[in-house]
Amino acid sequence: MTSIRRVAAACLTLSLLWCLAEGAPPARAETTLKVVMHSDLKIVDPIWTTAYIVRNHGYMIYDTLFSTDAKGEVKPQMVGKYDLSADKLTYTMTLRDGLLWHDGKPVTAEDCVASIKRWAQKDTMGQKMMSFVKELVVVDPKTFKIVLKEQTGLVLPALGKPSSNVPFMMPKRVADTPASEQISDFTGSGPFIFKKDEWKPGDKAVYVKNAQYKPRSEPASGLAGGKVVKVDRVEWRAISDHQTAINALLAGEIDYIEAPPHDLLPVLKKDSNVKLIDSNPLGNQYAFRYNTLAKPFDNAKVRQAVMVAFNQKDFLEAVIGDPNYYKLCKAMFPCGSPNSSTKGMDGLLDSNFEKAKALLKEGGYDGTPIVLMHSTDLAVLTNLAPVAKNLMEKAGFKVDMQSMDWQTLVARRAKKDPPAQGGWHAFLTSWVAADILNPISAGFVNASCDTAMFGWPCDKELESLRDQYARETNPAKLKAIAEAVQVRETQYPTYVWLGQWYGPVAVRKSIDGVIPAPATVFWGIEKKGS
Amino acid sequence: MLGYIVRRILATIPVVTVVAILVFLLLRLTTGDPAAIIAGDSATTQQVAEIRVKLGLERPLVEQFVIWVGRMVRGDFGESYFFKKTVAELIRDRLEPTAALAVCTILLAVVLAVPLGVLAAARRGTWVDRVVMGLSVLGFSVPVFVIGYALIYLFAVELAWLPVQGYQRLAEGFWGFLERLILPSSTLAVIYVALIARITRASVLEVLGADHVRTARAKGLGNTTVLLRHVLRNAAVPIVTVIGLGVALLIGGVVVTESVYGIPGLGRLTVDAVLARDYPTVQAVILLFSVVYVMINLLVDLTYTFLDPRIRY
Numbered sequence: 020m021t022s023i024r025r026v027a028a029a030c031l032t033l034s035l036l037w038c039l040a041e042g043a044p045p046a047r048a049e050t051t052l053k054v055v056m057h058s059d060l061k062i063v064d065p066i067w068t069t070a071y072i073v074r075n076h077g078y079m080i081y082d083t084l085f086s087t088d089a090k091g092e093v094k095p096q097m098v099g100k101y102d103l104s105a106d107k108l109t110y111t112m113t114l115r116d117g118l119l120w121h122d123g124k125p126v127t128a129e130d131c132v133a134s135i136k137r138w139a140q141k142d143t144m145g146q147k148m149m150s151f152v153k154e155l156v157v158v159d160p161k162t163f164k165i166v167l168k169e170q171t172g173l174v175l176p177a178l179g180k181p182s183s184n185v186p187f188m189m190p191k192r193v194a195d196t197p198a199s200e201q202i203s204d205f206t207g208s209g210p211f212i213f214k215k216d217e218w219k220p221g222d223k224a225v226y227v228k229n230a231q232y233k234p235r236s237e238p239a240s241g242l243a244g245g246k247v248v249k250v251d252r253v254e255w256r257a258i259s260d261h262q263t264a265i266n267a268l269l270a271g272e273i274d275y276i277e278a279p280p281h282d283l284l285p286v287l288k289k290d291s292n293v294k295l296i297d298s299n300p301l302g303n304q305y306a307f308r309y310n311t312l313a314k315p316f317d318n319a320k321v322r323q324a325v326m327v328a329f330n331q332k333d334f335l336e337a338v339i340g341d342p343n344y345y346k347l348c349k350a351m352f353p354c355g356s357p358n359s360s361t362k363g364m365d366g367l368l369d370s371n372f373e374k375a376k377a378l379l380k381e382g383g384y385d386g387t388p389i390v391l392m393h394s395t396d397l398a399v400l401t402n403l404a405p406v407a408k409n410l411m412e413k414a415g416f417k418v419d420m421q422s423m424d425w426q427t428l429v430a431r432r433a434k435k436d437p438p439a440q441g442g443w444h445a446f447l448t449s450w451v452a453a454d455i456l457n458p459i460s461a462g463f464v465n466a467s468c469d470t471a472m473f474g475w476p477c478d479k480e481l482e483s484l485r486d487q488y489a490r491e492t493n494p495a496k497l498k499a500i501a502e503a504v505q506v507r508e509t510q511y512p513t514y515v516w517l518g519q520w521y522g523p524v525a526v527r528k529s530i531d532g533v534i535p536a537p538a539t540v541f542w543g544i545e546k547k548g549s
Numbered sequence: 316m317l318g319y320i321v322r323r324i325l326a327t328i329p330v331v332t333v334v335a336i337l338v339f340l341l342l343r344l345t346t347g348d349p350a351a352i353i354a355g356d357s358a359t360t361q362q363v364a365e366i367r368v369k370l371g372l373e374r375p376l377v378e379q380f381v382i383w384v385g386r387m388v389r390g391d392f393g394e395s396y397f398f399k400k401t402v403a404e405l406i407r408d409r410l411e412p413t414a415a416l417a418v419c420t421i422l423l424a425v426v427l428a429v430p431l432g433v434l435a436a437a438r439r440g441t442w443v444d445r446v447v448m449g450l451s452v453l454g455f456s457v458p459v460f461v462i463g464y465a466l467i468y469l470f471a472v473e474l475a476w477l478p479v480q481g482y483q484r485l486a487e488g489f490w491g492f493l494e495r496l497i498l499p500s501s502t503l504a505v506i507y508v509a510l511i512a513r514i515t516r517a518s519v520l521e522v523l524g525a526d527h528v529r530t531a532r533a534k535g536l537g538n539t540t541v542l543l544r545h546v547l548r549n550a551a552v553p554i555v556t557v558i559g560l561g562v563a564l565l566i567g568g569v570v571v572t573e574s575v576y577g578i579p580g581l582g583r584l585t586v587d588a589v590l591a592r593d594y595p596t597v598q599a600v601i602l603l604f605s606v607v608y609v610m611i612n613l614l615v616d617l618t619y620t621f622l623d624p625r626i627r628y
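These protein sequence lines map, in sequence, to chains A and B. All residue numbers for the first sequence refer to my numbering, where the first residue is 20 and numbers rise by one. All residue numbers for the second sequence refer to my numbering, where the first residue is 316 and numbers rise by one.
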């Protein structure tokens, strides 16, 4: 009988414990945001490569001294206060309180100086900035100075550069890695921590919330303001097949697709559990790049003929199709950005074939076939080259369009060989608008001959204007110089800008707080119902 | 027998050497430059050149080949140009999903195809035979990715019975592991079922007309016993051969299936590495595939001796 009582008491106790456990508030579930980015993360050094996926990785785990906000203005980020001396030759920057590396050590001025030096070895805007810098001086653990040889307005725009290469801050021991080598220590001070042990290229990259991170008090705006993380974990899932990624989003297996293809947007629009968000208001810009070393594109008149023969609508209709996702914009610096202007663009990009033929005659075009490289494996580029071919032929060009995958094109465009011997005349690509906001950062405007990007334009006047832009500090004068660059581009074209296009991100309805910015960021995002 | 096995294993050396040379040369002759890909779209020519030097791509082809072979002999597959990991690590990470997919596919294919083939042969000329052979032609003709998308749409998106994509390791739970393999294995098995069913039917039909089968029937044995004990065993050699040869088909199918279902296996690794011109990874994976293929064929050869005692090596 006693044993029966004991068993009954034990059962009762267990039942009570069970009820208490049931009644207790459940531990908060971990919130995981499952994301499909535009490509897989293979390289993890955002200074070593300019690839956008690595830039986005950089924004996850690193922080920047300055950032560009939604209005395009540069704002302090890691820097608490800064000032410029009366002679405008010395910037003094003091880091804000509470900045820690992921290993718990404080961020120091020495770390920042080493990071700036490494970044400036790789980035074109950084190189330009450093050409004005006399020295970088560490004043105390939280303060450093940038001492200039001569005045320039480049320092803040360069340090707040929104896109590749972004000057991310790294610990000195990491930043001391030669710029020609990849880093292997992924310690940052940004809002997320990279889980190196869970990173499996081709499968997933994992980030967890940095609990020690102290966001700025201002609300998030573009890439500036408070980076408040509202999820515990972000997983970048590598799903290379677009259709599978879309199906996974529809089935609720993932929460976010960074770059759904335009032809599948109607499928997503129909589903009530999915929403499309314009997360990059400046968007992207298509560009037709000439090889100015190859005849007949060594002749500016012949290049002008292309500019006269093209019109933006044909390109944008062929690739994007939906006018909600493209904008005709005759400005070389993206519409909606401070340097945007249509000066000098009258009569251009209107498909005036008679005028184009006259320019070809004036330029002495002898019928040399134009080797146009056609990228076939990237949906946002595939239809561009056939449109270019068609418009150029209408203007009197002979065009030899050669189809290849993008990586073959990337390798071939670096070759200076004659087009008939494995070289090229032209190809089409796309820029993220944030990369081309001014004549210094816009790679295709660089006309410094051999050191310019592939296409190797060589023009003293353009280079002189770029130098003037680098030296100027007055915003009104900066815009005037940018306009002069645009006018010069119409006389000595280095590329043709073919309009802006936009790609929304696709998210589940449970996702809120996506911050519009020129790079994809994950602070501010909430996942409801988890 | 042991001598035969040793000789066959030694015979893989020239095969693997030829594959190694071919893969090395083909990759270098293909257009594309890993340095340009690594450097990114905004990189200057100088940056690309620096990376080429860093990767050793500026060295003469012969020198690159000698360095690579030297490493291979020491069991060092090198480091991936892109992943900041050794190729051995990459392969180790990707081996389980591919092996699981391949094994499930073969099991599923054999379990379905052999009975279907035997049934079609036993009911030769009837509607059963025509249906099995019709499905076989269909299975052989429809591309793997079309079958994959159709199955995903039906079972994952519409009915929500199974996941759309992904892979869960066996160590993380059996059901999660299995449910993520059902659709990919079924997709990949279709072509394999078609192939094995056709060969099984043809092989069984051939044996059905043999004297020993007539004798067995004359002894009064039942149809099922005759089929299983006297027909199928004698028809097994061509069936096992086609299962072995079909591994090549399977390797090709794995590449597509893993891409469609987002499975992080060797197939996906191969595609990614080829697109990125990641020479060390492509070379190692193709060598691995060739060794696996040779070994499976050896296994098939050895199986003959168990299936047919008249075969001796």
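Don't be surprised by glycine CBs; every beta carbon is placed ideally from N, CA and C. For clarity, every value in this text was computed on a predicted model and none was experimentally measured.
Q) Looking at the structure shown, is phenylalanine 460 (chain B) part of a helix, part of a strand, or coil, going by DSSP? A) In the second sequence, the residue the question calls residue 460 (chain B) occupies position 145. Residue state, collapsed to three classes: helix.
Q. Are the beta-carbon atoms belonging to valine 600 (chain B) and alanine 270 (chain A) less than 7 Å from one another?
A. In the second sequence, the residue the question calls residue 600 (chain B) occupies position 285. In the first sequence, the residue the question calls residue 270 (chain A) occupies position 251. For valine 600 (chain B) and alanine 270 (chain A), no; Cβs fall outside 7 Å.
Q: Use the C-beta contact count for proline 458 (chain B): other C-beta atoms within 10 angstroms, 16 or more gives buried, fewer gives exposed.
A: Here residue 458 (chain B) refers to the residue found at position 143 of the second sequence. It is exposed - the Cβ of proline 458 (chain B) has fewer than 16 other Cβ atoms within 10 Å.
Q) So, is the C-beta of glutamate 437 (chain A) closer than 7 Å to a C-beta in chain B? A) Start at 1 with the first residue of the first sequence, and residue 437 (chain A) comes out as number 418. Contrary to the premise, residue 437 (chain A) reads as proline rather than glutamate in this sequence. So, not an interface residue.
Q: Within the same chain, show all residues whose beta-carbon is closer than 8 Å to that of histidine 444 (chain A), passing over the 5 residues directly before and after it, in chain order.
A: Walking along the first sequence from the start, residue 444 (chain A) turns up at place 425. For histidine 444 (chain A), same chain residues with a beta-carbon under 8 Å away, outside a window of 5 residues either side, are Tyr309, Asn310, Ala313, Phe316, Ile389, Val390, Leu391 and Pro438 in chain order.
Q. DSSP state of alanine 536 (chain A), grouped into three classes?
A. Looking up residue 536 (chain A) in the first sequence gives position 517. In this structure, alanine 536 (chain A) counts as coil in the three-state DSSP scheme.
Q: State the DSSP-derived secondary structure class of glutamate 254 (chain A), mapped to helix, strand or coil.
A: Residue mapping note: residue 254 (chain A) aligns to position 235 of the first sequence, counting from 1. Strand.
(Q) Can you tell me whether lysine 534 (chain B) is buried or exposed? The criterion is at least 16 other CB atoms within 10 Å of its CB, across all chains shown. (A) Residue 534 (chain B) sits at position 219 when you count from the first residue of the second sequence. A residue is called buried once 16 or more other Cβ atoms fall within 10 Å of its Cβ, and lysine 534 (chain B), having fewer, is exposed.
**Q.** Under the three-state DSSP convention, the category glutamine 96 (chain A) falls into
**A.** On the first sequence, residue 96 (chain A) is found 77 positions in, with the first residue counted as 1. Three-state DSSP puts glutamine 96 (chain A) in coil, outside helix and strand.
(Q) Between the alpha carbons of alanine 139 (chain A) and valine 132 (chain A), how many angstroms are there, rounded? (A) Along the first sequence, read from residue 1 onward, the residue named residue 139 (chain A) stands at position 120. Along the first sequence, read from residue 1 onward, the residue named residue 132 (chain A) stands at position 113. Taking the straight line from one Cα to the other gives about 11 Å.
Q.
I'd like to confirm the pairing. Which residues does DSSP put opposite glutamine 519 (chain A) in its beta bridges?
A. Residue numbering aside, residue 519 (chain A) sits at position 500 when the first sequence is read from its first letter. Answer is A:Gln304 and A:Lys346.
Q.
Tell me which residues of the stretch 259 to 275 of chain A have at least one Cβ-Cβ distance to chain E shorter than 7 Å, keeping chain order.
A. Among the protein chains of the structure shown, namely A and B, there is no chain E.
Q) How would you write the range of the alpha helix (DSSP H) that threonine 143 (chain A) sits in, first residue to last? A) Translated into the one-based positions of the first sequence, residue 143 (chain A) becomes position 124. According to the DSSP assignment, threonine 143 (chain A) belongs to the alpha helix (DSSP H) that extends over 143 to 149.
**Q.** Spatial distance of lysine 214 (chain A) from alanine 224 (chain A) (CA atoms)
**A.** For the purposes of this step, residue 214 (chain A) is taken as the residue at position 195 of the first sequence. For the purposes of this step, residue 224 (chain A) is taken as the residue at position 205 of the first sequence. Roughly 7 Å separates the two Cα atoms.
Q | Sequence-distant residues of its chain with Cβ nearer than 7 Å to glutamine 440 (chain A) (five each side left out) | A | Counting from one through the first sequence, the residue named residue 440 (chain A) turns up at place 421. So the list is empty, once near-sequence residues are dropped.
(Q) Closer than 9 Å between beta carbons: that is the criterion. Which residues of the stretch 465 to 495 of chain B meet it against chain A? (A) Ile467, Tyr468, Ala471, Val472, Ala475, Pro478, Val479, Gln480, Gly481 and Tyr482
Q. Could you give the residue range of the beta strand (DSSP E) that holds aspartate 486 (chain A)?
A. Taking the first sequence and counting its residues from 1, one reaches residue 486 (chain A) at position 467. Element bounds for aspartate 486 (chain A): not the beta strand (DSSP E) but the alpha helix (DSSP H), 479 to 490.
Q. Helix or strand or just coil, what does DSSP make of alanine 224 (chain A)?
A. Taking the first residue of the first sequence as 1, we reach residue 224 (chain A) at position 205. In this structure, alanine 224 (chain A) counts as strand in the three-state DSSP scheme.
Q. If you draw a straight line from the C-alpha of valine 334 (chain B) to the C-alpha of asparagine 612 (chain B), how long is it?
A. By one-based count along the second sequence, residue 334 (chain B) stands at place 19. By one-based count along the second sequence, residue 612 (chain B) stands at place 297. Whole-angstrom Cα-Cα distance: 16 Å.
Q) With distances taken from CA atoms, which of B:Leu474, B:Thr327 and B:Ala435 is nearest arginine 513 (chain B)? A) Along the second sequence, one-based indexing puts residue 513 (chain B) at 198. Here the closest residue by C-alpha is B:Ala435.
Q: Return the first residue and the last residue of the alpha helix (DSSP H) that isoleucine 328 (chain B) is part of.
A: Stepping through the second sequence from its first residue, residue 328 (chain B) is reached at position 13. Taken as a continuous stretch (DSSP letters only), the alpha helix (DSSP H) holding isoleucine 328 (chain B) covers 317 to 344.
Q: Could you list the residues in the stretch 565 to 591 of chain B with a C-beta less than 8 Å from some C-beta on chain A, going in chain order?
A: Ser574, Val575, Tyr576, Gly577, Pro579, Arg583, Leu584, Val586, Asp587, Leu590 and Ala591
Q) By a C-beta neighbour count over all protein chains shown, 10 Å radius and 16 as the cutoff for buried, is proline 279 (chain A) buried or exposed? A) The residue given as residue 279 (chain A) occupies position 260 in the first sequence. Per the 10 Å Cβ criterion, buried.
Q | Residue nearest to alanine 398 (chain A) in terms of C-alpha spacing, selected from A:Ala128, A:Gly522 and A:Gly382 | A | Counted from its first residue, the first sequence places residue 398 (chain A) at position 379. Nearest C-alpha to alanine 398 (chain A): A:Gly522.
Q. Nearest chain B C-beta to isoleucine 459 (chain A) closer than 7 Å, yes or no?
A. Residue 459 (chain A) sits at position 440 when you count from the first residue of the first sequence. Answer no: the Cβ-Cβ gap between isoleucine 459 (chain A) and chain B never drops below 7 Å.
Q.
Between A:Pro210, A:Gly209 and A:Asp204, which has its C-alpha nearest aspartate 216 (chain A)'s C-alpha?
A. Stepping through the first sequence from its first residue, residue 216 (chain A) is reached at position 197. The candidate whose alpha carbon is nearest that of aspartate 216 (chain A) is A:Asp204.
Q: Excluding the 5 residues preceding and the 5 following arginine 343 (chain B) in the sequence, name in chain order all residues of the same chain whose CB lies nearer than 7 Å to its CB.
A: The residue you call residue 343 (chain B) lines up with position 28 of the second sequence. Within the same chain, arginine 343 (chain B) has close Cβ partners Leu376.
Q) Which class does phenylalanine 446 (chain A) belong to by DSSP, given the choice of helix, strand or coil? A) Numbered from its first residue, the first sequence carries residue 446 (chain A) at position 427. It is a strand residue.
Q: In angstroms with no decimal places, state the Cα-to-Cα distance between threonine 413 (chain B) and arginine 548 (chain B).
A: Numbered from its first residue, the second sequence carries residue 413 (chain B) at position 98. Numbered from its first residue, the second sequence carries residue 548 (chain B) at position 233. Straight across, the Cα-Cα distance linking threonine 413 (chain B) with arginine 548 (chain B) is about 30 Å.
Q. Is serine 199 (chain A) close to chain B, meaning its C-beta is less than 7 Å from at least one C-beta of that chain?
A. For the purposes of this step, residue 199 (chain A) is identified with residue 180 of the first sequence, where counting begins at 1. Chain B, which has a Cβ nearer than 7 Å to the Cβ of serine 199 (chain A), makes this yes.
Q. Looking only at DSSP bridge pairs, what is lysine 567 (chain A) linked to?
A. A question about residue 567 (chain A) goes unanswered here, because the residues of chain A that appear run from 20 up to 549.
Q. Under 7 Å Cβ-Cβ, which residues of chain A neighbour glutamate 365 (chain B)?
A. Mapped onto the second sequence, residue 365 (chain B) falls at position 50. Neighbours of glutamate 365 (chain B) on chain A, chain order: Ser199.
Q | C-alpha gap between proline 176 (chain A) and glycine 117 (chain A), whole angstroms | A | Your numbering for residue 176 (chain A) matches position 157 in the first sequence. Your numbering for residue 117 (chain A) matches position 98 in the first sequence. Between proline 176 (chain A) and glycine 117 (chain A), the C-alpha separation is close to 25 Å.
Q: Would you identify the three-state DSSP class for glycine 543 (chain A), choosing helix, strand or coil?
A: To locate residue 543 (chain A), count along the first sequence from 1; it is residue 524. Of the three classes helix, strand and coil, the one that applies to glycine 543 (chain A) here is coil, per DSSP.
**Q.** Contact under 7 Å by Cβ, proline 512 (chain A) with serine 182 (chain A)
**A.** The sequence position of residue 512 (chain A) within the first sequence is 493, counting from 1. The sequence position of residue 182 (chain A) within the first sequence is 163, counting from 1. In this structure, serine 182 (chain A) does not lie closer than 7 Å to proline 512 (chain A) by Cβ.
(Q) According to DSSP, simplified to helix, strand and coil, what is valine 157 (chain A)? (A) The count along the first sequence starts at 1 and reaches residue 157 (chain A) at position 138. Correct three-state label for valine 157 (chain A): strand.
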